[in-house]
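Note sheet for the following structure.
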Ligand SMILES: Cc1ncc(C[n+]2csc(CCOP(=O)(O)OP(=O)(O)O)c2C)c(N)n1
């Protein structure tokens, strides 16, 4: 254990024991993300999804577990591997799939794409494509929450590769200095594209970076939904009651390539297979059976069928949805309503 | 009317807007306890307290990004750069976050943010500290870029910028902070964004300038007047979106256009103006449009060299004589 780990948030005694229906709901969310991503992979190979498409498969317990301890109006912000967080936040598979297809019905009206999901309604602040670029934004959300006296907190995710970006360090300093109610969550999946953690970062474990800023640091097993929930709940309690930030390192693994265009040749099959043995969905499934949350495996298979059906409907919806109208190309760039008279806008394109 | 400096005008604008709206706050290096590196924020800490006038660490990427996040959440931050030259370490936050979030989110999140601070050359602080960055930011579709030249415009435009629901780069000029001028002192004085202003009338040639270059153009116009050449001087005030119609009216009268801008020539804002004027007013022009810009070289430290690099009076006069031939 590093010293940063021991400097953990105080346990707030809130019972994390969930009623059976809730456990099943979280299981279903993980399954939904898995099936959604499988469908997205298929749609990508069919060229229905273009550009970059980073899948969350293998990391489901991380997104679902962390978000499950939030209030609905707490803020969430993440990087480009954002489908899982969006679904865990309650954004619909339809609006998410439609965004991947670039359709007008997408969560960003087809203007954001895979890396730039947004939902004001769900307090989901994106989806950000520049590695580490979202980390000061997260600090700003937490700053505003505190400024306005909301008692709300922010979860800000980043990859293990993003920890080496300067703005992340600036953000940690600001968060600790100004006591912002934010939890930075490093999704340590061991790889940043084709570069292993060992080749990218000094001073491991990554959670150690908390103590340079006198911040609480916590490590969780990202393959274990209950562990993720327990540790995140500690950090959220600290943020909500004392407005103190935490840096979490959650250890996980991505099964697929970095994005759909990455065959992932830098890893061995054995390495991937080894991690699949602790698959978060299978682990939680075994627990549901052991705890008799469901009677038998048949019930869970039925649930899986239901989820697959939901994802298929999302796919059909995305496919049948209209493209955004080209006449709307300039829309959404500037706020239409303003506190000042409308600013005349020049047209710098004559053809 | 009151006669105050540019610095005081900017200070009044911030104070009035902070008074009006609790969500407006000021953040930056040395803005609070030190009263501002250039004293623009003098007295604001005393008036509004540390919750709303906030000293930051030297972390431009961090606090600009933070302010974008806070604006997205509904606050209305004013961020002061000690100088805009230091905005470069926050370039990603300004371009990729402030400039794109609204569009990428399909219009769900607005970013009511003002980034402001000093800029410009002529003070012998060398290449890294003398930038005029209006072109860089005007190239980002969703950013509004304002560069005031007089105290009244500084006050009225900054108040409008703070009220805008869109991100604004408000680029002041260090050399002008002590410049005095008349500023209305009654009522809520707002200057519209996107409108230029004729600062000197004339019929021989149109000079379009901004910020400190407006003063250079005005000085050149006075010199030219001694020879009976009457230059019309337009202060563009807003670089993006800029006031094409005002320029068009003037060019229809003078048929000659000289653009004066301190920034480097390649793809400077004057290139955009020149393109638009030749495209839309081709038949009105009696001479090629001419630009007087900063020279395409890093800013030298040496005083005489730096003066030569800036769009000085002599070069403006030479350009005017050239288009009048
Ligand atoms: C500033 C910047 N540099 C490089 C990239 C290209 N890039 C995108 S993702 C990535 C790897 C990041 O890995 P990590 O932070 O560990 O997150 P993960 O993809 O594993 O979730 C790289 C190099 C980028 N988007 N932004």
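Protein chains in written order, with the working numbering: chain A, 1 to 351; chain B, 1001 to 1325. All residues carry an ideal CB built from backbone N, CA and C; glycine is no exception. All values reported here derive from a predicted model rather than from experimental measurement.
Inset, instruction - Compare the beta carbon distance of residue 1133 (chain B) and residue 1118 (chain B) with 8 angstroms and say whether it is the shorter of the two. - result: One-based indexing of the second chain puts residue 1133 (chain B) at position 133. One-based indexing of the second chain puts residue 1118 (chain B) at position 118. Going by C-beta atoms, residue 1133 (chain B) is not nearer than 8 angstroms to residue 1118 (chain B).
Inset, instruction - For residue 1055 (chain B), write down the residues that DSSP places opposite it in a beta bridge. - result: On the second chain, position 55 is the one that residue 1055 (chain B) refers to. Answer is B:1028, bridged to residue 1055 (chain B).
Legend entry - Environment of residue 1297 (chain B) [buried if 16+ CB atoms lie within 10 Å]: Here the question's residue 1297 (chain B) lines up with position 297 in the second chain. Residue 1297 (chain B) comes out exposed.
Inset, instruction - Give a yes or no on contact between the region 252-264 of chain A and the region 88-97 of chain A, applying the rule of three or more CB pairs nearer than 8 angstroms. - result: no
Legend entry - Distance between residue 240 (chain A) and residue 146 (chain A) (C-alpha atoms, nearest Å): In the first chain, the residue the question calls residue 146 (chain A) occupies position 146. In the first chain, the residue the question calls residue 240 (chain A) occupies position 240. In a straight line, the C-alpha of residue 146 (chain A) is about 10 angstroms away from that of residue 240 (chain A).
Inset, instruction - Confirm, please, whether the CB-CB distance from residue 1093 (chain B) to residue 133 (chain A) is below 8 angstroms. - result: Residue numbering aside, residue 133 (chain A) sits at position 133 when the first chain is read from its first letter. Residue numbering aside, residue 1093 (chain B) sits at position 93 when the second chain is read from its first letter. Contact flag set, yes.
Inset, instruction - Please check if any C-beta of chain A sits within less than 8 angstroms of the C-beta of residue 1097 (chain B). - result: Residue 1097 (chain B) sits at position 97 when you count from the first residue of the second chain. Yes, because at least one Cβ of chain A sits closer than 8 angstroms to the Cβ of residue 1097 (chain B).
Legend entry - Collapsed DSSP secondary structure at residue 1295 (chain B) in the structure displayed: Walking along the second chain from the start, residue 1295 (chain B) turns up at place 295. Coil, per DSSP.
Legend entry - Cross-strand partners of residue 157 (chain A) (DSSP beta bridge): Sequence index remark: in the first chain, residue 157 (chain A) carries index 157 (1-based). Bridge partners of residue 157 (chain A): A:185.
Inset, instruction - Would you check if the distance between the CB atom of residue 294 (chain A) and the CB atom of residue 16 (chain A) is smaller than 8 angstroms? - result: For this step, residue 294 (chain A) is matched to residue 294 along the first chain. For this step, residue 16 (chain A) is matched to residue 16 along the first chain. Their beta carbons are not under 8 angstroms apart, which means residue 294 (chain A) does not touch residue 16 (chain A) by this criterion.
Inset, instruction - Specify whether the region 1022-1035 of chain B and the region 1072-1081 of chain B touch according to this definition: at least 3 beta carbon pairs, one from each stretch, less than 8 angstroms apart. - result: Because the criterion of three Cβ pairs below 8 angstroms is met, the region 1022-1035 of chain B and the region 1072-1081 of chain B touch.
Inset, instruction - Give the residues of chain B in contact with residue 214 (chain A), contact being defined as C-beta atoms less than 7 angstroms apart. - result: Within the first chain, numbered from 1, the residue matching residue 214 (chain A) stands at position 214. Neighbours of residue 214 (chain A) on chain B: none; closest Cβ ~14 angstroms, over 7 angstroms.
Legend entry - Three or more C-beta pairs below 8 angstroms linking the region 1144-1154 of chain B and the region 1200-1215 of chain B: yes
Legend entry - Buried or exposed (CB count within 10 angstroms, at least 16 for buried), residue 1240 (chain B): Locating residue 1240 (chain B) in the second chain gives position 240, counting from the first residue. With 16 or more Cβ atoms within 10 Å of its Cβ, residue 1240 (chain B) is classed as buried.
Inset, instruction - Answer yes or no: the CB of residue 160 (chain A) versus the heavy atoms of ligand 1, is any distance below 7 angstroms? - result: On the first chain, position 160 is the one that residue 160 (chain A) refers to. Because some heavy atom of ligand 1 lies under 7 angstroms away, the Cβ of residue 160 (chain A) counts as near it: yes.
Inset, instruction - Compare the C-beta of residue 349 (chain A) with all C-beta atoms of chain B and state if any pair is closer than 8 angstroms. - result: Here residue 349 (chain A) refers to the residue found at position 349 when the first chain is read from its first residue. It does not: the Cβ of residue 349 (chain A) has no partner Cβ on chain B nearer than 8 angstroms.
Inset, instruction - Please name the residue or residues paired with residue 221 (chain A) in a DSSP beta bridge. - result: Translated into the one-based positions of the first chain, residue 221 (chain A) becomes position 221. Its beta-bridge partners are A:251.
Legend entry - Run of the beta strand (DSSP E) containing residue 1118 (chain B), from where it starts to where it stops: Residue numbering aside, residue 1118 (chain B) sits at position 118 when the second chain is read from its first letter. 1114-1118 is the span of the beta strand (DSSP E), which, as asked, contains residue 1118 (chain B).
Inset, instruction - Work out the CA separation of residue 1295 (chain B) and residue 1260 (chain B) for me, nearest whole Å. - result: Position 260 of the second chain holds residue 1260 (chain B). Position 295 of the second chain holds residue 1295 (chain B). Computed Cα separation, rounded: 12 angstroms.
Inset, instruction - Compute the minimum distance between the beta carbon of residue 215 (chain A) and the heavy atoms of ligand 1, and state whether it is under 7 angstroms. - result: The count along the first chain starts at 1 and reaches residue 215 (chain A) at position 215. Relative to ligand 1, the beta carbon of residue 215 (chain A) is positioned no closer than 7 angstroms to any heavy atom.
Legend entry - Cβ neighbour criterion (16 or more within 10 Å) applied to residue 55 (chain A): Your numbering for residue 55 (chain A) matches position 55 in the first chain. With 16 or more other Cβ atoms within 10 Å, it is buried.
Legend entry - Between the CA atoms of residue 139 (chain A) and residue 177 (chain A) - distance to the nearest angstrom: Indexing the first chain from 1 puts residue 177 (chain A) at position 177. Indexing the first chain from 1 puts residue 139 (chain A) at position 139. The alpha-carbon atoms of residue 177 (chain A) and residue 139 (chain A) are separated by roughly 11 angstroms.
Inset, instruction - Return yes when the Cβ of residue 102 (chain A) is within less than 8 angstroms of the Cβ of residue 115 (chain A), no when it is not. - result: Residue mapping note: residue 115 (chain A) aligns to position 115 of the first chain, counting from 1. Residue mapping note: residue 102 (chain A) aligns to position 102 of the first chain, counting from 1. For residue 115 (chain A) and residue 102 (chain A), no; Cβs fall outside 8 angstroms.
Inset, instruction - On the DSSP bridge assignment, give the partners of residue 1169 (chain B) in chain order. - result: What you label residue 1169 (chain B) is simply residue 169 of the second chain in a count that begins at 1. According to DSSP, which records beta bridges pairwise, residue 1169 (chain B) is partnered with B:1115, B:1145.
Inset, instruction - Report the neighbours of residue 1141 (chain B) on chain A: residues whose CB is nearer than 7 angstroms to its CB, in chain order. - result: Stepping through the second chain from its first residue, residue 1141 (chain B) is reached at position 141. Those within 7 angstroms of residue 1141 (chain B) in chain A are 333.
Inset, instruction - Quick one: grab the DSSP three-state call for residue 1207 (chain B). - result: If you number the second chain from 1, residue 1207 (chain B) lands on position 207. In the displayed model, residue 1207 (chain B) falls within a strand according to three-state DSSP.
Inset, instruction - Would you give the residue range spanned by the beta strand (DSSP E) that residue 92 (chain A) belongs to? - result: The residue you call residue 92 (chain A) lines up with position 92 of the first chain. Element bounds for residue 92 (chain A): n/a, residue is neither H nor E.
Inset, instruction - Give the residues from the region 1079-1094 of chain B that approach chain E closer than 9 angstroms (Cβ to any Cβ), ordered along the chain. - result: Absent here is chain E; the protein component of the structure consists of chains A and B.
Inset, instruction - Take residue 1114 (chain B) and list the residues in its own chain whose beta-carbon comes closer than 6 angstroms to its own, dropping the five residues that flank it on each side. - result: Within the second chain, residue 1114 (chain B) is the residue found at index 114, counting from 1. Cβ within range, chain order: 1078, 1161, 1162, 1168, 1170.
Legend entry - Distance cut-off 7 angstroms: residue 106 (chain A) Cβ against heavy atoms of ligand 1: Here the question's residue 106 (chain A) lines up with position 106 in the first chain. No, the beta carbon of residue 106 (chain A) sits no closer than 7 angstroms to any heavy atom of ligand 1.
Inset, instruction - Identify which residue in B:1068, B:1256, B:1189, B:1243 has its Cα closest to the Cα of residue 1166 (chain B). - result: Looking up residue 1166 (chain B) in the second chain gives position 166. Cα-wise, what sits closest to residue 1166 (chain B) is B:1068.
Inset, instruction - Give a yes or no on contact between the region 226-239 of chain A and the region 261-277 of chain A, applying the rule of three or more CB pairs nearer than 8 angstroms. - result: no
Legend entry - Residues of its chain near residue 1033 (chain B), where Cβ-Cβ distance is below 7 angstroms and the 5 sequence neighbours each way are ignored: Against the second chain, residue 1033 (chain B) aligns to sequence position 33. Excluding positions up to five away in sequence, the list reads 1045, 1055.
Legend entry - Three-way DSSP call (helix, strand, coil) for residue 999 (chain B) in this model: Coverage of chain B is limited to positions 1001 through 1325, which leaves residue 999 (chain B) absent and any answer about it impossible.
Legend entry - Segment contact flag, the region 116-125 of chain A with the region 337-349 of chain A, C-beta cutoff 8 angstroms, min 3 pairs: no
Inset, instruction - Enumerate in chain order the residues of its own chain whose CB-to-CB distance from residue 14 (chain A) is below 7 angstroms, with the five nearest sequence positions on each side excluded. - result: Mapped onto the first chain, residue 14 (chain A) falls at position 14. Caution is warranted here: a pLDDT of 39 is assigned to residue 14 (chain A), below 50, making its placement in the model unreliable, and the coordinate value is therefore given only provisionally. 233, 237, listed in sequence order.
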